[in-house]
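Report on one structure; see the data block that follows.
Residue numbers (this note's numbering), protein chains in the order written: chain A, 57 to 398; chain B, 217 to 633; chain C, 3 to 286.
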């Protein structure tokens with residue numbers, strides 16, 4: 057480990073030596089005074105719900121949260137035969153296959169574009185980043201009722217008209233049109249955010265690398281420079297963006313709820329879960345079981361993320377982290393840090 | 217079971233107070249209870265309505281509440297997904313005493329979410345339109361007071377039909393032919409909602425089936441006629457006869473009033489707005505579908521109920537009885553002064569001028585002779601497979617007969633569970 | 003050889019520069035089209051909205067929709083609830099997380115290590131799928147349709163605790179040491195010395211938090227209840243999309259106005275936002 061992480065660990069010892077018995081007694085109280093607000097909230101709003109939910113998942117709990125009928129794993133078994141649940145996972149896969157590569161490519165391209173502008177960089181960055189401030193609901197109102205409405209006067213239909221394509225009226229009632237609507241709304245909302253991540257990555261690349269490459273005969277700003285220097289240097293950022301995009305796609309809810317309602321083809325896992333637990337069926341047993349299954353999937357993804365890129369702590373360059381990961385043989389990046397807390 | 221599933225508001229307060237005190241969140245902890253129910257305490261009642269589209273309805277609801285002398289009633293105008301909000305409130309005791317509902321469900325009744333209103337309804341039930349009682353009755357017990365009946369049917373442009381020499385269709389094939397003929401580059405023939413499914417629920421009856429069989433132990437919507445009718449809609453989608461992507465959906469009169477389609481599925485509530493906008497509006501019932509079919513008008517409607525976990529059950533029952541049984545002036549006002557609905561009390565309906573001529577009379581006749589209503593035993597989890605099947609058929613082009621067979625199996629599984 | 007190449011590259015660069023600005027300009031217009039469509043529809047009379055004919059700008063802009071909207075008490079309530087939620091949940095989340103993160107690294111205690119492990123474990127549990135079990139808790143507390151139901155369950159962010167912990171690990175110790183020597187306790191040291199110096203770091207989280215809570219949808223939808231006391235502006239807007247009939251232009255005006263506060267925050271605090279995203283690499 058670096059000297060940096062080792063140093064703070066030594067200091068508490070010094071201070072403990074300086075403090076008299078009163079200070080040590082004060083520590084016990086002070087620690088809990090500082091930590092209790094968080095701890096109690098965590099217990100009531102994270103741990104307790106998990107336990108209650110896990111319990112409910114073993115009961116027949118339609119329309120009640122205090123059930124009496126124990127049914128073992130029936131709720132979980134239900135998912136294996138429930139085509140709607142399996143279809144929701146399929147919807148996620150289709151959606152992720154569209155949105156993840158498109159957003160990756162678009163945000164990287166925007167970042168390279170903006171980074172290569174000698175002037176007005178802040179202006180263009182702001183414009184591309186602006187949609188991030190918009191909510192999914194506002195964007196869905198605009199997408200569904202204005203941009204992609206089926207009338208010839210709809211904005212997108214007008215644009216199609218300019219290039220000689222007939223107006224499309226089935227934007228939200230036929231595949232594959234609805235995927236265009238669903239993907240474009242999310243792309244618009246989030247591409248600026250990922251562009252910023254890539255921009256930070258680009259600006260962290262040492263200028264000497266490019267200079268050295270130019271000396272070696274690569275043309276500045278050319279594609280081979282991009283392929284041989286830029287892309288490899290962005291490997292860690294790209295891995296992080298990929299995982300963030302996947303997780304975000306798995307948790308998609310807002311645009312599906314507001315754009316396509318209850319169509320089984322466009323019902324991702326969270327919308328399915330919402331309908332089971334909080335729709336007219338109010339099946340809290342199956343809903344809790346579903347929440348557990350989806351949580352388990354997310355935890356696995358989270359572990360993968362931790363393992364790959366750590367928690368994004370700001371005192372670490374991505375390259376060192378990756379290198380350290382390799383040296384450590386893949387133990388979670390957080391492990392060594394825990395030592396300081398003790 | 218019943219008592220177990222309910223939370224008392226007082227118990228919830230205690231728990232909430234404890235959690236807050238424990239969390240040490242003085243900022244939020246000042247008043248944990250006051251926010252739970254705006255109308256609660258001191259004999260006050262909280263009354264829920266879904267958001268009616270017609271202008272003036274909210275003020276009218278408040279006026280009726282203010283007229284009631286026995287209790288202070290707060291009107292709660294609930295926007296958005298009313299069914300979800302309502303079931304959440306009935307589960308958690310979210311400050312609702314009296315509420316309207318258009319989907320009384322047998323499982324909610326079993327769980328004690330509703331108060332049994334048989335005692336006040338039994339003596340007067342002969343005064344009500346028979347069709348209005350179906351959705352509120354489960355095994356002879358009555359759980360709601362019908363407030364309004366909302367027949368759903370087709371609207372069409374008389375002038376366009378006359379010009380093309382078409383008569384109002386009596387079979388679904390005729391409807392398809394009419395819609396195809398009336399489709400022009402500027403105007404689609406037919407509007408069945410942006411999802412094409414507006415009339416697929418009444419089509420269950422129109423195709424000779426029904427949601428449940430007579431014993432109510434299996435669904436009976438999967439008929440050959442139903443598959444034929446859905447296939448006909450698929451054909452119209454392919455032939456570009458149906459309007460879709462309209463700014464607002466079928467329940468809103470605006471798309472039809474703007475001349476975007478020649479025929480539309482609609483609700484009677486839209487009649488005043490449509491007659492204001494166009495002078496050639498006509499109505500006809502859902503045509504018969506397939507050889508076993510019959511013409512039907514679907515009778516939607518809203519019913520007043522009392523919440524099982526209300527703290528003022530007696531007062532709530534008294535108010536509901538006063539508003540929708542005893543006095544009749546507000547009933548007429550509610551049904552006919554804003555939109556257009558049919559009062560479920562026969563004597564009240566008979567006095568309404570709007571139901572004595574023109575389209576109003578035709579709708580009232582349809583309602584009396586061809587009205588069909590959904591049974592409370594057909595609950596959310598029984599219905600979901602059919603909803604999904606319809607969506608798969610109309611949006612994803614799946615085979616109607618296969619999808620319906622699969623849905624029937626899944627519905628019956630839910631019914632047996 | 004290499005000098006020659008560089009010159010060629012620069013030539014290509016300046017020709018490419020025009021192209022780059024061209025592309026950037028076109029893209030910027032495309033990114034702004036949805037805002038244009040929103041404002042245009044907000045000002046269009048209803049017959050233009052349903053018309054098949056496209057107009058670039060409404061012939062008769064309906065400016066009166068602004069005063070009409072601002073006279074709607076339900077909309078004002080929704081704005082107020084959103085503002086309360088954004089400010090309360092952002093500030094309390096940060097305070098709670100800062101306290102806990104500080105305790106983990108700067109108050110020697112034998113529970114610190116197990117508590118940190120707890121934070122790490124919870125970090126892996128996603129907040130979004132928790133809406134079902136959280137609904138059950140909040141319903142049991144009788145908090146459906148209340149502001150505390152909206153705000154309190156989201157205040158305890160393990161991720162923020164982790165971020166603050168990381169921040170305090172590198173916090174210069176000398177200032178604190180001086181305060182301790184002067185006899186100040188942990189509380190006074192934290193609130194007088196440490197927390198004020200945390201604010202630049204916290205401001206990035208603040209902007210992310212404000213925008214995130216203003217735009218939040220799923221949890222507010224779950225706890226909206228009767229939509230009176232705890233309806234946020236997002237739920238207000240979404241309710242139009244599921245309603246039977248609605249005032250089309252009014253909805254777009256409501257959407258437009260709902261963007262004003264969040265855009266104001268965005269423009270004023272943008273540099274913190276940019277720094278925050280670069281630093282944390284995650285959305286708040």
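Note that CB positions come from ideal geometry on N, CA and C, so glycine has one too.
Between residue 267 (chain B) and chain C, is the shortest Cβ-Cβ distance under 7 Å, so that the two count as touching? At least one chain C Cβ lies under 7 Å of residue 267 (chain B).
Can you list the residues of chain A that residue 411 (chain B) reaches, using a CB-CB cut of under 7 Å? Neighbours of residue 411 (chain B) on chain A, chain order: 229.
Express the C-alpha separation of residue 323 (chain A) and residue 189 (chain C) in angstroms, rounding to a whole number. 49 Å
Write down every uninterrupted run of the alpha helix (DSSP H) in the segment 201-284 of chain C whose length is 4 residues or greater and which is fully enclosed by it, in chain order. 220-225, 235-244, 250-270, 272-282
At least one CB of chain C closer than 7 Å to the CB of residue 105 (chain A): is that the case? yes
Three-way DSSP call (helix, strand, coil) for residue 267 (chain B) in this model: The answer is coil: DSSP assigns residue 267 (chain B) none of H, G, I, E or B.
How is residue 596 (chain B) classed by DSSP in three states: helix, strand or coil? helix
What's the gap between the Cα of residue 292 (chain A) and the Cα of residue 126 (chain C)? 20 Å
Restricting to Cα atoms, I'd like to know which of A:122, A:269, A:158 is closest to residue 327 (chain B). A:122
Based on Cα-Cα distance, which residue from B:398, B:630, B:335, B:624 lies nearest to residue 426 (chain B)? B:624
On the three-pair Cβ rule with 8 Å, is the segment 255-267 of chain A touching the segment 186-206 of chain A? With the cut-off at 8 Å, the segment 255-267 of chain A and the segment 186-206 of chain A do not touch.
Of the choices B:510, B:618, B:617, B:549, whose alpha-carbon is the least far from that of residue 387 (chain B)? B:510
Range covered by the beta strand (DSSP E) that runs through residue 191 (chain A): Note, residue 191 (chain A): premise wrong, no beta strand (DSSP E); not H, not E.
Find the nearest neighbour of residue 318 (chain A) within the set A:140, A:152, A:339, judged by alpha-carbon distance. A:140
Output, in chain order, the set of chain A residues within a Cβ distance shorter than 8 Å of residue 608 (chain B). 320, 321
is_contact[residue 237 (chain B), chain A] using C-beta, thresh 7 Å: Note on residue 237 (chain B): pLDDT 32, under 50, position unreliable in the model; the coordinate value appears next. No, residue 237 (chain B) lies away from the interface with chain A (no Cβ there is under 7 Å from its Cβ).
So residue 579 (chain B) and residue 266 (chain B) are in contact, right, with Cβ under 8 Å, and what is the actual spacing, rounded? Contact doesn't hold; Cβ gap of about 21 Å is too wide.
Between residue 64 (chain C) and residue 182 (chain A), which are expected to be in contact by the criterion C-beta below 8 Å, what is the C-beta distance as a whole number of angstroms? Actually they do not touch by this definition, with Cβ atoms about 30 Å apart.
Is residue 297 (chain B) close to chain C? Criterion is C-beta to C-beta, closer than 7 Å. yes
Run the CB neighbour count on residue 379 (chain B), radius 10 Å, all protein chains shown included, and call it buried at 16 or more, exposed below. exposed
Selection from A:108, A:192, A:95, A:314 that minimises the alpha carbon distance to residue 341 (chain A): A:108
Sequence-distant residues of the same chain with beta carbon closer than 6 Å to residue 459 (chain B), five excluded per side: 404, 407, 476, 477
Leaving out the 5 sequence neighbours to the left and right, which residues in its chain are closer than 6 Å to residue 619 (chain B) when beta-carbon positions are compared? Sequence-distant Cβ neighbours of residue 619 (chain B) in its own chain, meaning closer than 6 Å and more than five residues away, are 605, 608, 609.
Taking CB distances under 7 Å as the criterion, tell me whether residue 53 (chain C) reaches chain A. Answer yes: the Cβ-Cβ gap between residue 53 (chain C) and chain A drops below 7 Å somewhere.
Going along chain A, which residues have a C-beta under 7 Å from residue 303 (chain B)? Correct list: 336, 338.
Can you tell which of C:240, C:265, C:275, C:266 has its C-alpha closest to the C-alpha of residue 77 (chain C)? C:240
Inspect the CB distances between the segment 242-260 of chain A and the segment 145-162 of chain A and report whether three or more fall short of 8 Å. yes
Using three-state DSSP, classify residue 477 (chain B) as helix, strand or coil. strand
Please work out which residues of its chain come closer than 6 Å, Cβ to Cβ, to residue 280 (chain A), disregarding the five sequence neighbours upstream and downstream, and give them in chain order. 274
CB-CB under 6 Å to residue 372 (chain A), same chain, minus the five flanking residues each way: which ones, in chain order? Because residue 372 (chain A) sits at a pLDDT of 45, beneath the cut-off of 50, its placement in the model cannot be relied upon, and the point is left open.
If distances are taken between C-alpha atoms only, which option among C:66, C:206, C:72, C:98 comes closest to residue 89 (chain A)? Measuring from the Cα of residue 89 (chain A), the nearest candidate turns out to be C:98.
C-beta contact flag for residue 290 (chain A) and residue 248 (chain A) at 7 Å: Not closer than 7 Å, so no.
Is residue 251 (chain A) close to chain C? Criterion is C-beta to C-beta, closer than 7 Å. False, the Cβ-Cβ gap to chain C never drops below 7 Å.
Run through chain B and tell me which residues come within less than 7 Å of residue 244 (chain C), C-beta to C-beta. Going along chain B in sequence order, the residues near residue 244 (chain C) (Cβ under 7 Å) are 296, 297.
Given residue 278 (chain B), which residues of its chain have a CB within under 7 Å of its CB, disregarding the five upstream and five downstream residues? In its chain, beyond the 5 residues on either side, 291 have a beta carbon closer than 7 Å to the beta carbon of residue 278 (chain B).
Let me know the secondary structure DSSP gives residue 188 (chain C) once reduced to three states. Reduced to three states, the DSSP call for residue 188 (chain C) is helix.
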